[in-house]
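Q: First the structure, then my questions, so here it is.
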Amino acid sequence: MPQADIGLIGLAVMGQNLALNINDHGYRVAVYNRTAEKTDAFLDGPARGSGVIGFHDLAELSGALVRPRKVILMVRAGEPVDHFIEQLLPHLDAGDIIIDGGNSRFTDSNRRYAELGERGIRFVGCGISGGEEGARHGPSIMPGGDEKAWPEIKPILQSIAAKVDGEPCCQWVGQAGAGHYVKMVHNGIEYGDMQLISEAYQLMREGLQLSVDDIQAVFKDWNQGVLDSYLIEITANILGVKDDDGSPLVDKILDTASQKGTGKWTGISALDLGVPLTLIGEAVFARCLSSLKDERLLAEQRYCAPDSRFDGDRQATLRAIHDALYASKIISYAQGYMLMREAAADYGWELSYGDIALMWRGGCIIRSRFLGNIKQAFSNNPTLGNLLLDEFFIDAVKSAEPGWRKATALGIELGIPLPAFSSALAFFDGYRSGKLPANLLQAQRDYFGAHTYERIDRPRGDFFHTNWTGTGGDTASSTYQV
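Under numbering that gives the first Met the number 0, the first residue of the sequence shown is numbered 0, with each subsequent residue one higher.
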């Protein structure tokens, strides 16, 4: 007799916490792990006294599930997902549902959606954000894939998701790999937010020569206003932690940042689709640069840094750094939404951009106050082309712009690297410019490669070539668009 509403494979911390979360909301969970010892330890430990049931055999787990069977995979992305899918398939029937809840690349989810669909299995690629705490008490959940699976899994996923104003941070995202794509963009924005906060910290620490305790107080204050967000909150918490000797623990941490690849995937997708995702790209490269610790120490000895003494108005400069952080954060989200819109057009997805903002308001790492403003922007105009064209964000950026420029210029003057602040500002200046020097760039391309150009006094789509040297000929090369 079926005993469980859903199966869960993979009992690392995220899998364990998600299983307990599902159990807490009244659903019976059947769990399995590749190593039986971990299953037993979970049942005897965190799951003791719960309704969670464990199995050492996938056939038995499958037999314990109500139909249509629903199995969520919480295993490492890549080959392990394909491995468990192949092991599961002999024990599943047409109409059963496989949910990949890991950090899979969206292209893998596109492939699995197509392959499993041909075998009658409904596949859902499900982005889950919030870390261990979110998995246990309410994550942001971004499901996409076979839409016919949604009515079957919706009650479970929405019940365990974070709630904001009573609304679950879980809505259907779109077809094929759309769920994992939106999760990927979430992670890219996360990279950008973390880099922006770190740059604000460095401006205060090295530029204004503030103590860690003073900076902690600044972040606590900022978290009460427009910058209210999970990442600002935890930054303040981090800066308050002391090492055994009483000094700030953050000062003892080696300045080399790691990454798992989702930020890089976001940048690669942006390049593939021709979207200027400059801030997130710089955030990824900043982590790459941080890894060159030995080279940076050598370069520090060989070059003289600019005079970093600050003799200005500290309070006014703190307000400028605040505004730079806020404006740059808006740019990061605007670029992320540009990327999702282009991907939706390219892959044939129907994404609900307002719902995505709702899903990100709670449970996830990038949750912040102004996601409600993003939701409102798309409620006001569902066909909004860019967040920077919404009245709320126009006013916000205009208000923050003077401080944004002041803080970025200060970093340049003091030799403090601000790749995310400055790339965001450069993007904004380019985006708001009706005329860019790309006319000269296109002339150069036509000069050396006969790539042709369009003219401002002729209709768009008419291409011309000039024999710039008089000896190059009149034949143009073929043109292509990225």
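Here a beta-carbon is modelled for each residue, glycine too, at the ideal position from N, C-alpha and C.
Report yes if the CB atom of L350 is closer than 8 Å to the CB atom of M358, and no otherwise.
A: no
Q: Secondary structure at D244, three-state DSSP: helix, strand or coil?
A: coil
Q: In three-state terms, what does DSSP make of K182?
A: helix
Q: Rounded C-beta distance between V274 and E232? I'm assuming under 8 Å.
A: The C-beta distance from V274 to E232 rounds to 30 Å, too long to fall under 8 Å, and the pair is not in contact.
Q: What are the boundary residues of the beta strand (DSSP E) that G6 is part of?
A: Its beta strand (DSSP E) spans residues 5–8.
Q: Identify whether S290 lies in helix, strand or coil by the three-state DSSP scheme.
A: DSSP places S290 in coil when its eight states are reduced to three.
Q: Between the region 150–165 and the region 180–192, do at least 3 Cβ pairs fall closer than 8 Å?
A: no
Q: Which of the three DSSP states is assigned to D99 in this structure?
A: strand
Q: Just verifying my parser: in three-state terms, what is the DSSP assignment at I364?
A: coil
Q: Out of S158, P418, S367, state which residue places its alpha-carbon closest to the alpha-carbon of A229.
A: Note on residue identity: the sequence assigns Tyr, not Ala, to residue 229. Selected option, being the one with the closest Cα: S367.
Q: Where do the N-terminal and C-terminal ends of the alpha helix (DSSP H) with I415 fall, by residue?
A: Run containing I415: none; DSSP gives neither H nor E here.
Q: Where does R121 land, buried or exposed, given buried means 16+ other C-beta within 10 angstroms?
A: buried
Q: Round the Cβ separation of I98 and I71 to the nearest angstrom and send it over; I've been treating them as touching at under 8 Å.
A: That belief holds up - the Cβ atoms of I98 and I71 are roughly 4 Å apart, short of 8 Å.
Q: Is the distance from the Cβ of V283 to the Cβ of Y190 below 8 Å?
A: yes
Q: Would you be able to state if there are at least three C-beta pairs under 8 Å between the region 12–29 and the region 40–60?
A: yes
Q: Quick one: residues in its chain with C-beta nearer than 6 Å to the C-beta of R111, no 5 flanking neighbours on either side, listed in chain order?
A: F122
Q: How is S65 classed by DSSP in three states: helix, strand or coil?
A: According to the sequence as given, residue 65 is Val; it is not Ser. Of the three classes helix, strand and coil, the one that applies to V65 here is coil, per DSSP.
Q: Just checking my contact of Y31 with G6 at CB under 8 Å: how many whole Å lie between their CB atoms?
A: Going by Cβ atoms, the distance from Y31 to G6 rounds to 7 Å, so yes, they are a contact pair.
Q: Measuring CA to CA, which of H136, G176, C125, A177 is closest to K153?
A: K153 has its Cα closest to that of C125, out of H136, G176, C125, A177.
Q: Could you tell me which whole alpha helix (DSSP H) segments of length 4 or greater appear in the region 330–387?
A: 352–358, 370–379
Q: Check whether the Cβ atoms of K69 and E132 lie closer than 8 Å to each other.
A: No.
Q: Smallest Cα separation from V80: which of G100, S290, V65, L202?
A: G100
Q: Anyone know if the C-beta pair for G144 and S103 falls short of 8 Å?
A: no
Q: For the beta strand (DSSP E) containing P275, list its first residue and its last residue.
A: P275 -> no beta strand (DSSP E), and no H or E assigned at all.
Q: Quick one: Cα of V28 to Cα of E281, how far?
A: 42 Å
Q: Mind checking V482: buried by the 16 CB within 10 Å criterion, or exposed?
A: Nothing about residue 482 can be reported from this structure: the residues present for the chain run from 0 to 481 only.
Q: What number of angstroms, rounded off, separates the C-alpha of A35 from the C-alpha of I21?
A: 21 Å
Q: Where Y332 and D394 are concerned, what is the direct C-alpha to C-alpha distance, given to the nearest angstrom?
A: Taken atom to atom, the span from the alpha-carbon of Y332 to that of D394 is near 16 Å.
Q: List the endpoints of the continuous alpha helix (DSSP H) containing S108.
A: Counted as a single uninterrupted DSSP element, the alpha helix (DSSP H) harbouring S108 occupies residues 105–117.
Q: Straight-line CA distance for E117 to L19?
A: 33 Å
Q: Comparing alpha-carbon positions, which option in Q2, R360, G347, W403 lies nearest G62?
A: Q2
Q: Rounded to the nearest angstrom, what separates S139 and L156 at their Cα positions?
A: 10 Å
Q: Please return the same chain residues whose Cβ sits closer than 8 Å to the Cβ of P305, not counting the five positions on each side in sequence.
A: E412, L413, G414
Q: Considering just the uninterrupted stretch of the alpha helix (DSSP H) at V217, what are its terminal residues?
A: 211–221
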